[in-house]
Amino acid sequence: MRKYLKFKGYPLHTPICKVGEGYEPALFRALLSFPSSNSKAPPVSVNQLAVVDKNEQFNVELMHETKTKKSTTNFNDDGKGTKKIWKIVSFNLVEIPIEEYGIFYSGDSYIISYVSPQIKNGIIYYWLGNHSTIDEKGAAAAYVSKIDENDFKGKSVQIRIIQSKEPEHFLKLFNDSIVILKGGVDSGFKSTSKAKKLDYVQNQK
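With positions in the sequence shown counted from 1, the corresponding number in this note's numbering is that position plus 41.
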């Protein structure tokens with residue numbers, strides 16, 4: 042490690058963390074625009090490109106081009122279980138009222154926890170709007186890990202979702218359709234418009 046740090050010209054006290062391919066933590070994947078995947082499952086395909094968010098400035102050509110099979114996000118579940126939704130607001134986790142379930146802002150990041158008789162260990166989705174800032178996405182990934190440990194004892198399935206790439210099971214949680222509006226709340230570093238403008242409606246049917 043010391044030789045590597047000297048070769049790159051980094052200070053010798055620079056921390057280095059080893060990450061195995063297919064087992065990248067949520068925060069690592071969020072900051073590097075990794076594709077939506079089950080964080081505890083190894084990669085099963087290397088023939089498709091990762092989804093890239095236009096709001097992030099990274100050289101994706103240097104990244105591994107991996108994507109999990111569709112089956113990893115299609116669960117034997119009807120989406121009628123219990124869910125809880127939060128939004129990142131100035132680095133804080135703010136719970137969303139039930140009447141706003143299924144409405145997302147493209148400038149925000151959300152966390153959705155879900156349990157059902159078929160999925161007892163739970164699923165934690167984290168939905169990242171196309172115009173959500175990097176700090177919001179990083180905060181969402183960090184909170185996902187905390188919710189997993191606190192509510193599911195580290196056993197939940199964690200799935201990252203890029204806006205407009207919602208998997209089938211995620212849509213089932215909202216009766217197969219969601220509404221996405223332009224704008225969002227103020228970020229810790231960057232403000233986004235609070236104006237309510239319809240972006241599009243995603244419907245699986």
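C-beta atoms are modelled at their ideal positions from N, C-alpha and C, and glycine is treated no differently. The structure displayed is predicted, hence computed values, not measured ones.
Residues bridged to residue i by DSSP?
i: L169; result: S150 and I203
i: V60; result: Answer is none; V60 lacks a bridge partner.
i: N133; result: V130
i: K125; result: S154
i: F145; result: I221
i: I160; result: Paired residue(s): none; I160 is not in a bridge.
Around the C-beta of residue i, are 16 or more other C-beta atoms found within 10 angstroms, so that it is buried, or is it exposed?
i: K47; result: exposed
i: I126; result: buried
i: Y167; result: buried
i: R43; result: exposed
i: K128; result: buried
i: A82; result: Because the pLDDT of A82 is 43, which lies under 50, any placement of that residue in the model is unreliable, and the number read from its coordinates should be weighed accordingly. When all chains shown are included, A82 counts as exposed.
i: I200; result: buried
i: I202; result: buried
i: I175; result: buried
i: Y51; result: exposed
i: V60; result: exposed
i: I57; result: exposed
In the DSSP assignment, find the unbroken alpha helix (DSSP H) run with residue i in it and report its ends.
i: K187; result: I175 to F193
i: K213; result: E209 to K213
Taking residue i as the reference, give the member of the options with the closest Cα.
i: K161; options: I152, K49, I202 and K124; result: K124
i: K178; options: S131, D217, C58 and Y142; result: S131
i: S147; options: D192, H210 and S205; result: S205
i: Q159; options: S150, G143 and D119; result: D119
i: D217; options: G143, C58 and P56; result: G143
i: L222; options: E141, H54 and A183; result: E141
i: F215; options: I57, Y155, E190 and L53; result: Y155
i: A180; options: V135, L212 and K213; result: V135
Could you give the residue range of the beta strand (DSSP E) that holds residue i?
i: K223; result: S218 to K223
Examine chain C for any beta-carbon lying closer than 8 Å to the beta-carbon of residue i, and answer yes or no.
i: V185; result: Of the chains in the structure shown, none is chain C; there is only one protein chain.
Would you call the CB atoms of residue i and residue j closer than 8 Å?
i: I164; j: I152; result: no
i: F116; j: H210; result: yes
i: G170; j: S197; result: no
i: V207; j: I188; result: Residue identity differs from the one stated: residue 207 is Glu in this sequence, not Val. No. Outside cutoff.
i: G122; j: S157; result: yes
i: S173; j: G225; result: yes
Between residue i and the ligand PLP, is the CB less than 7 Å from at least one heavy atom?
i: V185; result: No copy of the ligand PLP appears in this structure; indeed no ligand is present at all.
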